[in-house]
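Written out below as structure tokens is the structure these notes cover.
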Amino acid sequence: MSVDPNGQLTIAIAAGKGGTGKTLVATSLAIAIDAHYPGCAQIIDCDVEEPNAHLLMQPELTAQAPVEVLVPEVDLDTCTRCGACARACQFSAIAVIRQAVLTFHGLCAGCGACAYVCPVDAITEVTRRVGTVKSGSAGEIDFVTGTLNVGDQRATPVTKAVKDRIRDDLITILDAPPGTACPMQETVEGSDYCILVTEPTPFGLSNLQDAVETCRRIGVPCGVIINRDGSGNDGVERYCAQEGIEVLLRVPQDRRIAEAYSRGETLVATMPQWRDELATVYYHITDMVAAQATGEGVS
Ligand code: SF4
Ligand code: SF4
């Protein structure tokens, strides 16, 4: 291995769609790293709309903090209904309809543009809780998870809040939300590497292509883990070969893995040999990131 084992790589685990085994890989990788470097691993569940890493890790959560954003509050006595705030809002979170000014806090990004443009200072920014960050540990693994409040549609503030808990002294695994929309991009951005988990099916390939394009656009190197290998066709393998994307690991279609997952068990808890397989993936990623840092390039 070419980097300090106490080094501070941040590796995002993402997937173009849900149900590919992304969280299974993320949690198992964190456990594999912890087995090789006890006390050096951290996992952060960034899927704040549907967090489930805790189901596999069974952490002891000892702290929690609210996530708050600033949202507009309109003084209707001062407001002239000029409509400037609605025209300034890029998120359709405030509307002026005849004599009413409607605010949709679930859509609000807290950018402050409406208050800035209001000519009569009728808008005050007030704090509003949109989610919660909880933290603790699963054995020696540092564990962080976030939850977006039901009814809120903007996950980004909560994603940012959980990412603020990345510790520079730990190897961090980020379990990204599925898909390639803003919450996934917010999670992956700034990571040293992104593992894309996919299935060898036409749907898996289509979603993988979107995820690869997203990683390339935001400048994060990526490789692929094929889950349920042997269950579909070779489209994913051919695409990866054509695009020069490394297949880091193939997890076979195996009834024992599926049954263990349904019981809430990780890959390494079920079949300990995967601990070394995943540790090897981690070592390989550290080598690639180190090579990139020294200008030798990565695949
Ligand atoms: S910009 Fe200010 S005055 Fe104009 S409609 Fe909005 S809140 Fe009212
Ligand atoms: S703070 Fe920004 S997103 Fe929220 S209502 Fe005002 S302009 Fe729209």
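To convert, note that position 138 of the sequence shown is 137 in numbering that gives the first Met the number 0; the numbers rise steadily by one, no gaps.
Every residue, glycine too, gets a C-beta built ideally from N, C-alpha and C.
Could you tell me whether any non-hydrogen atom of ligand 2 is closer than 7 Å to the CB of residue i?
i    : result
C214 : no
I43  : no
T102 : yes
G231 : no
I96  : no
P71  : yes
G111 : yes
A99  : no
C117 : no
A87  : yes
A121 : no
Measure the beta-carbon distance from residue i to residue j and round it to whole angstroms, keeping in mind my assumption that it falls under 8 Å.
i    : j    : result
A11  : T186 : 6 Å
F45  : T158 : Here the sequence assigns Cys to residue 45, which means Phe is not the residue at that position. Confirmed, Cβ separation roughly 5 Å.
E72  : V129 : Contact flag wrong, Cβ pair sits at about 15 Å.
K16  : P177 : 6 Å
A268 : D174 : Actually they do not touch by this definition, with Cβ atoms about 17 Å apart.
I225 : T179 : So it is not a contact: roughly 18 Å between Cβ atoms.
Q323 : R166 : No answer is possible for residue 323: the residues shown for the chain start at 0 and end at 298.
A87  : A112 : 4 Å
At which residues does the alpha helix (DSSP H) containing residue i begin and terminate?
i    : result
Q241 : G234 to E242
L28  : K21 to H35
G178 : That residue, G178, is in no alpha helix (DSSP H); it is neither H nor E in DSSP.
I284 : Q272 to A292
S134 : Unbroken run through S134 is the beta strand (DSSP E), I122 to A137; no alpha helix (DSSP H).
L266 : L266 to T269
Give the single residue among the options whose Cα lies nearest to the Cα of residue i.
i    : options                   : result
T22  : P37, P50 and S205         : P50
T285 : S190, G138, P58 and E212  : S190
R153 : S91, V143, V95 and G229   : S91
T77  : R249, A99 and Q89         : A99
L247 : R216, C239 and D253       : C239
R164 : F142, T79 and G150        : F142
Q89  : E264, E124, R97 and C107  : C107
W273 : Q7, T61, T9 and S27       : S27
G138 : C110, L207 and P58        : P58
D120 : T126, F103, I96 and C81   : C81
Q252 : T144, L266 and E245       : L266
A85  : A114, P65 and A292        : A114
G229 : L195, T200, L169 and S134 : T200
V211 : I244, A34, I256 and A29   : I244
Quick check on residue i - is its C-beta less than 8 Å from some C-beta in chain B?
i    : result
T285 : Considering every chain present, this structure includes no chain B. It has just one protein chain.
May I ask you to check if the CB of residue i is nearer than 7 Å to at least one heavy atom of ligand 1?
i    : result
C39  : no
V125 : no
P199 : no
V246 : no
A92  : no
C78  : yes
Return the first residue and the last residue of the beta strand (DSSP E) that residue i is part of.
i    : result
L173 : I170 to D174
N226 : C221 to D228
F142 : I140 to L147
T155 : Not the beta strand (DSSP E): T155 falls in the alpha helix (DSSP H), residues T155 to K162.
P71  : E59 to V73
V196 : Y192 to T197
E41  : The question names Glu, but residue 41 is Gln in the sequence shown. Where Q41 is concerned, the enclosing beta strand (DSSP E) stretches over A40 to D44.
L54  : No beta strand (DSSP E) contains L54, which is instead part of the alpha helix (DSSP H) from A52 to M56.
R249 : V246 to P251
T9   : T9 to A13
T102 : A99 to T102
For residue i versus residue j, is the C-beta spacing smaller than 8 Å?
i    : j    : result
V70  : T146 : no
C193 : V161 : no
L277 : V235 : no
P182 : T131 : no
I217 : Q184 : yes
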